[in-house]
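Visitor: Residue numbers (the UniProt record's numbering), protein chains in the order written: chain A, 1 to 259; chain B, 1 to 259.
Dropping a structure here in structure tokens format, bear with me for questions.
Number of protein chains: 2
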Amino acid sequence: MHSVHFTAQTSANGVVERDFVVGEVPGVLWSPASGSDHAPLVLMGHGGGLHKKTPALVARAHDTVTTWGFTVVAIDAPGHGDRPRTAQDEQARAGLRQAMTAGDGERVASISAGYGAALAQRAVPEWQATLDALQQLPEIGTEAPIGYGGGISLGTAIGIPLTAVEPRITAAIFGGGFVVDQALIEAARRITVPVQFLLPWDDEHVDRQSALALFDAFASPEKTLHANPGDHRTIRWFGVDNEFLARQLRRADAGASAA
Amino acid sequence: MHSVHFTAQTSANGVVERDFVVGEVPGVLWSPASGSDHAPLVLMGHGGGLHKKTPALVARAHDTVTTWGFTVVAIDAPGHGDRPRTAQDEQARAGLRQAMTAGDGERVASISAGYGAALAQRAVPEWQATLDALQQLPEIGTEAPIGYGGGISLGTAIGIPLTAVEPRITAAIFGGGFVVDQALIEAARRITVPVQFLLPWDDEHVDRQSALALFDAFASPEKTLHANPGDHRTIRWFGVDNEFLARQLRRADAGASAA
Chain A
1 MHSVHFTAQT SANGVVERDF VVGEVPGVLW SPASGSDHAP LVLMGHGGGL HKKTPALVAR
61 AHDTVTTWGF TVVAIDAPGH GDRPRTAQDE QARAGLRQAM TAGDGERVAS ISAGYGAALA
121 QRAVPEWQAT LDALQQLPEI GTEAPIGYGG GISLGTAIGI PLTAVEPRIT AAIFGGGFVV
181 DQALIEAARR ITVPVQFLLP WDDEHVDRQS ALALFDAFAS PEKTLHANPG DHRTIRWFGV
241 DNEFLARQLR RADAGASAA
Chain B
1 MHSVHFTAQT SANGVVERDF VVGEVPGVLW SPASGSDHAP LVLMGHGGGL HKKTPALVAR
61 AHDTVTTWGF TVVAIDAPGH GDRPRTAQDE QARAGLRQAM TAGDGERVAS ISAGYGAALA
121 QRAVPEWQAT LDALQQLPEI GTEAPIGYGG GISLGTAIGI PLTAVEPRIT AAIFGGGFVV
181 DQALIEAARR ITVPVQFLLP WDDEHVDRQS ALALFDAFAS PEKTLHANPG DHRTIRWFGV
241 DNEFLARQLR RADAGASAA
């Protein structure tokens with residue numbers, strides 16, 4: 001089993017940011033400067049073509065740390081951020097660029113779906129190894145409740161198959177904004193933990209019905225769909241239940257303490 | 001113009017409940033016992049076959065009064081509650097009973113849609129006359145911001161055409177749980193105020209796509225869809241933004257004061 005190797009540490013506004021590697025996967029851990037013993041751990045995924053320190057992700061991570069006192073972790077998806085690209089990565093990226101330039105929406109969708117599924121297959125064991133390593137840290141341990149904090153698009157394409165096979169994740173935020181294939185629908189059918197699903201209502205490049213079918217597929221007795229106008233780049237989320245993960249993970253925490 | 005004639009008054013848990021009639025329409029006004037000068041006014045609609053003092057509606061009204069200090073008004077829909085039934089009401093009710101007994105879902109849907117539209121046509125001018133009369137009361141006046149507080153099913157079938165023609169309503173909660181016809185879609189297209197739309201995800205008797213088309217039709221730049229599992233009788237709302245109307249009506253209030 002790999003351990004967490006910390007490579008850098010900074011601190012700002014009450015949040016400690018620690019870069020790390022687990023095996024060959026680079027990640028970042030944000031935690032409260034005041035300490036975080038067994039605080040809930042939130043996994044965050046980045047969007048396609050982005051990386052673990054994308055400004056929007058960092059802002060959400062800081063907010064989660066300072067508002068709830070939780071710990072947040074993000075890792076670079078395969079072929080993203082600080083990671084080397086394989087021939088498959090280069091081919092998919094070149095194909096996507098060509099299809100976009102040509103305005104070939106169907107080809108964009110087909111490459112996106114195939115590449116997303118391939119990335120998920122590589123990313124799921126990486127997330128699991130990262131969790132194994134993080135749980136060896138005394139401030140996290142095996143007691144910290146774990147939630148998937150989403151990210152729409154690639155963050156969800158990876159998060160759904162991960163949550164489907166990973167019993168340590170007890171609540172998850174997913175979202176639309178990407179191409180949904182049948183494998184993802186089938187993974188969603190295996191998910192029973194509480195789910196919050198965020199749907200950009202006007203995503204030009206994505207079939208709305210497929211996103212609704214994905215929400216429909218979750219086996220979770222407790223699931224909520226929130227839709228707001230806009231596509232996944234321009235959407236402004238309002239009226240969304242921002243306390244979803246906090247409520248779920250604190251509930252998990254209370255359950256563990258009582259057990 | 002009709003005035004408000006109060007016919008009874010009771011008080012419990014900090015909430016004053018006053019029965020009234022405006023012309024031939026009976027209604028009920030809930031307000032804070034501590035006073036409510038120009039407090040926001042929330043209009044609540046009841047479901048099909050129900051009435052203005054249905055327990056769930058009374059509970060929501062009390063909650064709105066005690067949590068936000070707002071005033072709430074409900075009136076009986078035509079042919080409902082304390083109101084006489086016309087030949088049209090009796091015919092529709094008998095037809096619905098027969099179709100339900102026969103398990104003829106298509107006929108239930110067709111009668112529901114036609115009767116709902118007819119009720120809305122009668123109810124819209126009644127709501128407008130009620131508003132005219134309430135605005136003559138010194139504690140309400142023309143300064144109180146006005147919101148439509150929903151009620152899924154019949155409450156929305158009436159609330160959408162009302163909000164489409166009534167500029168005094170500055171925010172609205174609507175919902176699914178009933179049969180949507182084309183006239184309602186067209187009314188929704190004329191609505192531009194902020195809308196919160198509550199959708200029971202598993203309503204056996206209602207086509208989900210038609211409810212999604214209704215949400216799609218609102219011209220409001222600010223609109224949010226919330227969906228939870230369950231049909232419109234069994235649904236348990238969680239993760240819904242309960243502060244939607246409070247935020248919108250206070251914003252309207254601040255705007256009016258600033259003007």
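We put the beta carbon where it would ideally sit given N, CA and C, even for glycine.
Keep in mind that this is a model prediction, so the values were computed, not measured.
Let me know the secondary structure DSSP gives residue 58/A once reduced to three states.
Guide: Residue numbering aside, residue 58/A sits at position 58 when the first sequence is read from its first letter. Here residue 58/A sits in helix by DSSP.
Visitor: Using alpha carbons as the reference points, say which of 233/B, 210/B, 224/B, 246/B lies closest to residue 240/A.
Guide: Here residue 240/A refers to the residue found at position 240 when the first sequence is read from its first residue. The candidate whose alpha carbon is nearest that of residue 240/A is 224/B.
Visitor: What are the boundary residues of the alpha helix (DSSP H) that residue 108/A is part of?
Guide: Here residue 108/A corresponds to residue number 108 of the first sequence, with the count starting at 1. That run of the alpha helix (DSSP H) goes 105-134.
Visitor: In terms of alpha-carbon separation, which member of 196/B, 211/B, 197/B lies closest to residue 203/B?
Guide: Start at 1 with the first residue of the second sequence, and residue 203/B comes out as number 203. Considering only alpha carbons, the answer is 211/B.
Visitor: Considering only C-alpha positions, which residue in the set 16/A, 107/A, 249/A is nearest to residue 144/A?
Guide: As a working mapping, residue 144/A is identified with position 144 in the first sequence. Measuring from the Cα of residue 144/A, the nearest candidate turns out to be 249/A.
Visitor: Consult DSSP for residue 201/B and reduce its assignment to one of helix, strand or coil.
Guide: Start at 1 with the first residue of the second sequence, and residue 201/B comes out as number 201. Reduced to three states, the DSSP call for residue 201/B is coil.
Visitor: Per the contact definition of three or more C-beta pairs closer than 8 angstroms, is the stretch 154-161 of chain A in contact with the stretch 23-31 of chain A?
Guide: No contact exists between the stretch 23-31 of chain A and the stretch 154-161 of chain A.
Visitor: Does residue 258/A come out as helix, strand or coil in the three-state DSSP assignment?
Guide: On the first sequence, position 258 is the one that residue 258/A refers to. Note that residue 258/A scores 47 on pLDDT, short of 50, meaning its location in the model is unreliable; the coordinates nonetheless yield the value given after this. DSSP places residue 258/A in helix when its eight states are reduced to three.
Visitor: Taking only the alpha-carbon atoms, compute the straight-line gap between residue 55/B and residue 61/B and give it to the nearest angstrom.
Guide: Locating residue 55/B in the second sequence gives position 55, where the first residue counts as 1. Locating residue 61/B in the second sequence gives position 61, where the first residue counts as 1. For residue 55/B and residue 61/B, the distance between alpha carbons rounds to 10 angstroms.
Visitor: Can you look up residue 165/B in the DSSP assignment and give me helix, strand or coil?
Guide: Counting from one through the second sequence, the residue named residue 165/B turns up at place 165. Residue state, collapsed to three classes: helix.
Visitor: Leaving aside the five residues before and after residue 32/A along the sequence, list all residues of the same chain whose C-beta is less than 6 angstroms from its C-beta, in chain order.
Guide: Counting from one through the first sequence, the residue named residue 32/A turns up at place 32. Around residue 32/A: 65, 69.
Visitor: Using 9 angstroms as the limit for Cβ to Cβ distance, is residue 91/A near chain B?
Guide: Within the first sequence, numbered from 1, the residue matching residue 91/A stands at position 91. By this cut-off, residue 91/A is not an interface position.
Visitor: Taking the alpha-carbon of residue 38/A as reference, which of 98/A, 7/A, 142/A, 53/A has the nearest alpha-carbon?
Guide: Counting from 1 along the first sequence, the entry for residue 38/A is found at position 38. Residue 38/A has its Cα closest to that of 142/A, out of 98/A, 7/A, 142/A, 53/A.
Visitor: Please check the pair residue 40/B and residue 147/B, which I expect to be a contact at CB under 8 angstroms, by giving their CB distance rounded to whole angstroms.
Guide: By one-based count along the second sequence, residue 40/B stands at place 40. By one-based count along the second sequence, residue 147/B stands at place 147. Indeed they touch by this definition, with Cβ atoms about 7 angstroms apart.
Visitor: Count the C-beta pairs between the stretch 93-102 of chain B and the stretch 125-140 of chain B that are closer than 8 angstroms, then say yes if the count reaches three, no if not.
Guide: Output reads no: the stretch 125-140 of chain B does not touch the stretch 93-102 of chain B.
Visitor: Is residue 76/B buried or exposed, if buried means 16 or more other CB atoms sit within 10 Å of its CB?
Guide: The residue you call residue 76/B lines up with position 76 of the second sequence. By the neighbour-count rule (16 or more Cβ atoms within 10 Å), residue 76/B is buried.
Visitor: If I measure Cβ to Cβ from residue 9/B and keep anything under 8 angstroms in the same chain, skipping five residues before and after, which residues do I get?
Guide: Position 9 of the second sequence, counted from the first residue, corresponds to residue 9/B. Excluding sequence neighbours, residue 9/B sits near 16, 17, 18, 19.
Visitor: Per DSSP, residue 30/A is paired with what?
Guide: Here residue 30/A refers to the residue found at position 30 when the first sequence is read from its first residue. Answer is 17/A, 72/A.
Visitor: What residues from chain A crowd round residue 53/B, counting only those whose CB sits closer than 9 angstroms?
Guide: As a working mapping, residue 53/B is identified with position 53 in the second sequence. Going along chain A, no residue has its Cβ under 9 angstroms from residue 53/B, so there is no contact; the nearest lies around 29 angstroms.
Visitor: Can you pull out the residues from the stretch 219-234 of chain B whose beta carbon lies closer than 9 angstroms to at least one beta carbon of chain A?
Guide: Answer in chain order: 220, 221, 222, 223, 224, 225, 226, 227, 228, 229.
Visitor: Would residue 6/A pass as an interface residue toward chain B - the criterion being a Cβ-Cβ separation below 9 angstroms?
Guide: Residue numbering aside, residue 6/A sits at position 6 when the first sequence is read from its first letter. With 9 angstroms as the cut-off, residue 6/A does not count as an interface residue toward chain B.
Visitor: In chain order, what residues of the same chain have a beta carbon less than 6 angstroms from the beta carbon of residue 184/B, not counting five sequence neighbours either side?
Guide: Residue numbering aside, residue 184/B sits at position 184 when the second sequence is read from its first letter. If we look at residue 184/B and ignore the five residues flanking it on each side, its Cβ neighbours are 160.
Visitor: Within 10 angstroms of the Cβ of residue 126/B, are there 16 or more other Cβ atoms? Answer buried if so, exposed if not.
Guide: Here residue 126/B corresponds to residue number 126 of the second sequence, with the count starting at 1. By the neighbour-count rule (16 or more Cβ atoms within 10 Å), residue 126/B is buried.
Visitor: By a C-beta neighbour count over all protein chains shown, 10 Å radius and 16 as the cutoff for buried, is residue 207/B buried or exposed?
Guide: As a working note, residue 207/B is residue 207 in the second sequence. By the 10 Å Cβ count, residue 207/B comes out exposed.
Visitor: What residues from chain B crowd round residue 241/A, counting only those whose CB sits closer than 9 angstroms?
Guide: Position 241 of the first sequence holds residue 241/A. Near residue 241/A (Cβ distances below 9 angstroms), the residues of chain B are 226, 238, 239, 240, 241.
Visitor: List, in order along the chain, the chain A residues whose C-beta lies closer than 8 angstroms to that of residue 248/B?
Guide: Numbered from its first residue, the second sequence carries residue 248/B at position 248. Within 8 angstroms Cβ-Cβ: nothing; residue 248/B doesn't reach chain A, min ~10 angstroms.
Visitor: Would you say residue 68/A lies against chain B (beta-carbon separation less than 9 angstroms)?
Guide: The residue you call residue 68/A lines up with position 68 of the first sequence. So, not an interface residue.
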